[in-house]
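Protein chains in written order, with my numbering: chain A, 397 to 644; chain B, 67 to 335.
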């Protein structure tokens, strides 16, 4: 198989893996699967298994919390495996050179969540206003999944076909501040979503409960399960002190 | 009007798989939730205005674990059915109940699925590979995770719907139906407040240097009230939306511009 064809197939698999991670989540996007599959495409399954295991162990305990974007395991494994096989084995060096390249996965995910999908989501909203069910599916599923090919498939192809240095060059060419700026903005726009939500529930008089949840999480660092228990207590107190009392 | 059939619930299940489709930082999984509710809304609402309102309800902010989000999808399906056929629940309570469920399901979903099931299955797969079983490892992992992902979603949609129907009937007979929007709103407000520090993050890297003393503005603010900037910004957005009727799109664009400009000027970072 020519290198072009191999790079193309790896990129195709990475795209499909990202579609899985955004929909069905049968987890073909994890290193333990990506490594061997890329190994098969590149003609060295043993190296594929070795890189897959190494990267899987590195990411084993990483849990995606909130909206912080972690380095991406799928794209790291695909590129690391491809480069290791092209270099003729040598898992360690490949992982070391490919991991920085996987930063492109983080950049792509930041742009996707803070710009591209905000755009698609507003198109879904307009489709819903027109009662256009096809428009909802097109803009929530089909177009965002097609974008995955561009955001994750293309960089993978370039890294395998032209080498990691080529992609590193692209990353270096993107001004740091633009990416930081996008993620700063991305971290702020949740405020608009929360404001819309609070406005839609129309229960302004309950603002003290919102403050209570906020202070418990911010000062005491109580996690979401704890906040949920707190919410149960608040509801119970309101029920016993207000509703049950009024009935009695 | 009849209840949702098995076939229709399967449709909800299929559309729920797209919960993360247009996942975005403004309102997270809202577009996916709307797509999941499509079969229910299309079945029960004839009047175009009522249908539009139903869709708009589900376009509000929604964020929880992708897989456990099937539970609020099932519950919301039951509540939409009740509202459309009986009309005896307040439609605002649908979002309040959804929001109340976001918190516990995010916490449980992340720790049980991503923090427990996945590392265990991946660990087993790795030990199969190292003991020479080769492809059995990854195939075992995919089957295991497919069972977890699709199984929890199936149970979420079907059981969430079943329990949701029971829940609405129970509050009806207990006479709490007129209070349910209050109770759900209290839970929703508490959960939203608890989410804000992690999800609306603004930090100011500026430092004030005077001789040997370096005064970090962010550290001072964190000492005073951690996450205060996110809270104030959310409050400002709420005021602009509810009182000044500014459109969400304008606020998003301005926020992104402020974020990028602020980063260039070194105010944010």
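Note that beta-carbon positions come from the ideal geometry of N, C-alpha and C, so glycine has one too.
Being a predicted model, the structure only gives us computed values, none of them experimental.
For residue 398 of chain A, the secondary structure class from DSSP, reduced to helix, strand or coil, is coil.
The shortest CA-to-CA distance from residue 289 of chain B to any of A:622, A:614, A:557 is the one to A:614. Counting along the chain, the unbroken beta strand (DSSP E) around residue 276 of chain B starts and ends at 273-276.
If you check each beta-carbon in the stretch 249-262 of chain B against every beta-carbon of chain A, the ones closer than 7 Å belong to 249, 251, 252, 253, 254, 255, 256, 257, 258, 259, 260, 262.
According to the DSSP assignment, residue 450 of chain A belongs to the alpha helix (DSSP H) that extends over 441-455. Going by DSSP, residue 197 of chain B is part of no alpha helix (DSSP H) at all; its letter is neither H nor E. Around the beta carbon of residue 442 of chain A, a 10 Å sphere encloses fewer than 16 other beta carbons of the protein chains shown; the residue is thus reported as exposed. Each residue's CA atom was taken as its position, placing residue 135 of chain B and residue 484 of chain A some 44 Å apart. The beta carbon of residue 420 of chain A is closer than 6 Å to none in its chain, skipping five residues each way along the sequence. Burial state of residue 510 of chain A is buried, judged by a 10 Å Cβ sphere holding 16 or more other Cβ atoms.
For residue 117 of chain B, the closest Cβ of chain A is nearer than 7 Å. Note on geometry: alpha-carbon atoms of residue 610 of chain A and residue 263 of chain B lie some 7 Å from one another. Residue environment for residue 620 of chain A: buried (at least 16 other C-beta atoms within 10 angstroms of its C-beta).
Contact check for residue 304 of chain B against residue 594 of chain A passes: the beta carbons are separated by less than 7 Å. Ranked by Cα distance from residue 144 of chain B, the options B:131, B:219, B:235 are led by B:235. By the 16-neighbour rule on beta-carbons within 10 angstroms, residue 633 of chain A is exposed. Taking a beta-carbon distance threshold of 7 Å, residue 571 of chain A does not count as an interface residue toward chain B. Around the beta carbon of residue 132 of chain B, 16 or more other beta carbons lie within 10 angstroms, which makes this residue buried. Between the alpha carbons of residue 407 of chain A and residue 276 of chain B lies a gap of roughly 53 Å. DSSP, reduced to helix, strand and coil, places residue 84 of chain B outside both helices and strands of the structure shown, so it counts as coil. The continuous beta strand (DSSP E) containing residue 279 of chain B extends over residues 279-282. In the DSSP assignment, residue 79 of chain B forms no beta bridge with any residue. In this structure the stretch 159-170 of chain B lies against the stretch 242-259 of chain B, because at least three pairs of beta carbons, one per stretch, are closer than 8 Å.
The three-state secondary structure of residue 425 of chain A, taken from DSSP, is coil. With respect to the 7 Å criterion, residue 437 of chain A and residue 544 of chain A are not classified as neighbours on the basis of their beta carbons.
The way I'd put it, the stretch 582-593 of chain A does touch the stretch 84-94 of chain B; three or more beta-carbon pairs between them come closer than 8 Å. Residue 454 of chain A is outside the set of residues whose beta carbon lies under 7 Å from a beta carbon in chain B.
Annotated as distal: residue 428 of chain A and residue 185 of chain B, with beta-carbon spacing of 7 Å or more. Residue burial is scored here from C-beta neighbours: residue 138 of chain B has at least 16 other C-beta atoms within 10 angstroms and is therefore classed as buried.
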